[in-house]
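No gaps in the numbering here: position 122 of the sequence shown is 1425 in my numbering, and each next residue is one more. Below is one structure, written out as C-alpha coordinates, with a few remarks after it.
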Amino acid sequence: MVGGKTVPASAEELAKRQLERKIREVQKGGHFKGKKELLKFLHGEQLSPRQSIAAHCYECMGYYADGKDAFPDRKLDCRSTLCPSYPYNPYREGGSQKRRSLSPETRQKLSERMKQMRTTRSS
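This is how it looks when you write it as C-alpha coordinates:
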(Lines of atoms letter the chains of each structure in order from A and count residues from 1; the text may use other names and numbers.)
(Lines give C-alpha, C1' and ligand atoms only; values in the text may rest on other atoms or scores of the structure.)
Protein backbone atom coordinates (compact mmCIF):
# COMPACT_ATOMS: atom_id res chain seq x y z
CA MET A 1 0.00 0.00 0.00
CA VAL A 2 1.20 3.47 -0.86
CA GLY A 3 -0.77 6.44 0.45
CA GLY A 4 -3.71 4.18 1.34
CA LYS A 5 -3.86 2.70 -2.17
CA THR A 6 -2.94 -0.83 -3.19
CA VAL A 7 -0.01 -0.91 -5.59
CA PRO A 8 -0.28 -3.69 -8.15
CA ALA A 9 2.48 -6.27 -7.92
CA SER A 10 4.95 -6.48 -10.75
CA ALA A 11 4.76 -9.39 -13.16
CA GLU A 12 7.94 -10.75 -11.58
CA GLU A 13 6.42 -10.66 -8.08
CA LEU A 14 3.26 -12.36 -9.32
CA ALA A 15 5.28 -15.11 -11.01
CA LYS A 16 7.30 -15.64 -7.83
CA ARG A 17 4.13 -15.93 -5.72
CA GLN A 18 2.60 -18.34 -8.22
CA LEU A 19 5.73 -20.51 -8.14
CA GLU A 20 5.77 -20.53 -4.32
CA ARG A 21 2.08 -21.52 -4.27
CA LYS A 22 2.74 -24.32 -6.77
CA ILE A 23 5.65 -25.65 -4.66
CA ARG A 24 3.42 -25.72 -1.56
CA GLU A 25 0.71 -27.60 -3.51
CA VAL A 26 3.19 -30.21 -4.74
CA GLN A 27 4.64 -30.67 -1.26
CA LYS A 28 1.15 -31.56 0.01
CA GLY A 29 0.70 -34.18 -2.74
CA GLY A 30 1.11 -37.91 -2.35
CA HIS A 31 4.53 -39.53 -2.11
CA PHE A 32 4.68 -41.11 -5.55
CA LYS A 33 7.16 -41.23 -8.39
CA GLY A 34 7.38 -37.80 -9.99
CA LYS A 35 7.02 -35.67 -6.86
CA LYS A 36 10.75 -35.34 -6.26
CA GLU A 37 11.30 -34.65 -9.97
CA LEU A 38 8.58 -31.97 -10.12
CA LEU A 39 9.97 -30.21 -7.05
CA LYS A 40 13.45 -30.37 -8.54
CA PHE A 41 12.11 -28.70 -11.72
CA LEU A 42 10.23 -26.02 -9.79
CA HIS A 43 13.44 -25.16 -7.95
CA GLY A 44 15.13 -24.51 -11.29
CA GLU A 45 17.12 -27.71 -11.66
CA GLN A 46 17.46 -29.50 -14.98
CA LEU A 47 15.68 -32.83 -15.51
CA SER A 48 16.45 -35.76 -17.75
CA PRO A 49 13.74 -36.73 -20.26
CA ARG A 50 12.66 -39.63 -18.01
CA GLN A 51 12.46 -37.33 -14.96
CA SER A 52 10.45 -34.80 -16.98
CA ILE A 53 7.92 -37.46 -17.93
CA ALA A 54 7.57 -38.64 -14.32
CA ALA A 55 7.08 -35.02 -13.19
CA HIS A 56 4.50 -34.43 -15.93
CA CYS A 57 2.54 -37.56 -14.98
CA TYR A 58 2.62 -36.59 -11.31
CA GLU A 59 1.29 -33.11 -12.09
CA CYS A 60 -1.29 -34.31 -14.60
CA MET A 61 -2.69 -36.82 -12.09
CA GLY A 62 -3.30 -34.06 -9.53
CA TYR A 63 -0.21 -34.98 -7.47
CA TYR A 64 -1.84 -38.36 -6.79
CA ALA A 65 -3.58 -36.55 -3.95
CA ASP A 66 -6.24 -39.29 -3.69
CA GLY A 67 -3.60 -41.96 -3.22
CA LYS A 68 -3.76 -45.56 -4.35
CA ASP A 69 -7.26 -46.07 -2.95
CA ALA A 70 -8.72 -43.79 -5.63
CA PHE A 71 -7.83 -46.28 -8.37
CA PRO A 72 -8.02 -49.76 -6.82
CA ASP A 73 -8.70 -51.43 -10.16
CA ARG A 74 -5.98 -49.76 -12.17
CA LYS A 75 -3.04 -49.11 -9.83
CA LEU A 76 -2.67 -45.38 -10.63
CA ASP A 77 -2.64 -45.94 -14.40
CA CYS A 78 -4.17 -42.79 -15.92
CA ARG A 79 -5.11 -44.65 -19.11
CA SER A 80 -4.65 -41.45 -21.11
CA THR A 81 -3.68 -43.31 -24.25
CA LEU A 82 -3.80 -40.12 -26.34
CA CYS A 83 -1.09 -38.51 -24.19
CA PRO A 84 2.34 -38.59 -25.87
CA SER A 85 3.92 -39.39 -22.49
CA TYR A 86 1.61 -42.34 -21.74
CA PRO A 87 3.96 -45.07 -23.01
CA TYR A 88 6.47 -43.86 -20.41
CA ASN A 89 4.01 -43.40 -17.51
CA PRO A 90 5.71 -44.87 -14.43
CA TYR A 91 2.43 -46.47 -13.27
CA ARG A 92 1.19 -47.76 -16.64
CA GLU A 93 -0.28 -51.27 -16.54
CA GLY A 94 2.23 -53.61 -18.08
CA GLY A 95 5.04 -51.25 -17.11
CA SER A 96 6.43 -48.25 -18.87
CA GLN A 97 8.02 -48.61 -22.27
CA LYS A 98 11.46 -50.14 -22.01
CA ARG A 99 14.60 -48.86 -23.65
CA ARG A 100 15.66 -50.75 -26.70
CA SER A 101 18.83 -52.74 -26.38
CA LEU A 102 21.52 -52.08 -28.96
CA SER A 103 23.82 -54.65 -30.46
CA PRO A 104 27.54 -54.09 -29.89
CA GLU A 105 27.95 -53.24 -33.60
CA THR A 106 25.20 -50.60 -33.50
CA ARG A 107 26.59 -49.19 -30.28
CA GLN A 108 30.05 -48.89 -31.90
CA LYS A 109 28.61 -47.14 -34.99
CA LEU A 110 26.71 -44.66 -32.82
CA SER A 111 29.82 -44.00 -30.76
CA GLU A 112 31.87 -43.29 -33.89
CA ARG A 113 29.16 -41.02 -35.27
CA MET A 114 29.02 -39.03 -32.01
CA LYS A 115 32.82 -38.65 -31.96
CA GLN A 116 32.72 -37.38 -35.54
CA MET A 117 29.96 -34.88 -34.70
CA ARG A 118 31.90 -33.57 -31.69
CA THR A 119 35.03 -33.16 -33.78
CA THR A 120 33.09 -31.31 -36.48
CA ARG A 121 31.44 -28.95 -33.97
CA SER A 122 34.67 -28.07 -32.15
CA SER A 123 36.45 -27.22 -35.42
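Backbone N, C-alpha and C define an ideal beta-carbon position, used for all residues, glycine too. Every value quoted in this text rests on a predicted model; they were computed, and no experiment measured them.
| With respect to the alpha helix (DSSP H) encompassing K1331, which residues constitute its N-terminal and C-terminal limits? | Locating residue 1331 in the sequence shown gives position 28, counting from the first residue. 1314-1331 is the extent of the alpha helix (DSSP H) around K1331.
| request: Note down, in chain order, each residue of its chain lying with its Cβ closer than 6 Å to the Cβ of H1359, except the 5 sequence neighbours on either side. | output: Counting from one through the sequence shown, the residue named residue 1359 turns up at place 56. Cβ neighbours of H1359 beyond the five flanking positions: S1388.
| task | Please decide whether L1413 counts as near chain C, where near means a Cβ-Cβ distance under 9 Å. | result | The displayed structure is made up of one protein chain only, and chain C is not part of it.
| said: Please report the distance separating the alpha-carbon of R1382 from that of P1407. | reply: One-based indexing of the sequence shown puts residue 1382 at position 79. One-based indexing of the sequence shown puts residue 1407 at position 104. Each residue's Cα considered, the two are about 36 Å apart.
| task | Indicate the three-state DSSP secondary structure (helix, strand or coil) for M1417 in the structure shown. | result | Numbered from its first residue, the sequence shown carries residue 1417 at position 114. In the structure shown, M1417 sits in a helix (DSSP, three-state: H, G or I).
| said: Am I right that G1337 and Y1361 are in contact with their C-beta atoms under 8 Å? What's the rounded C-beta distance? | reply: For the purposes of this step, residue 1337 is taken as the residue at position 34 of the sequence shown. For the purposes of this step, residue 1361 is taken as the residue at position 58 of the sequence shown. Yes, G1337 and Y1361 are in contact; Cβ-Cβ is about 3 Å, under 8 Å.
| field | H1359 - DSSP class collapsed to helix/strand/coil | value | Start at 1 with the first residue of the sequence shown, and residue 1359 comes out as number 56. Correct three-state label for H1359: helix.
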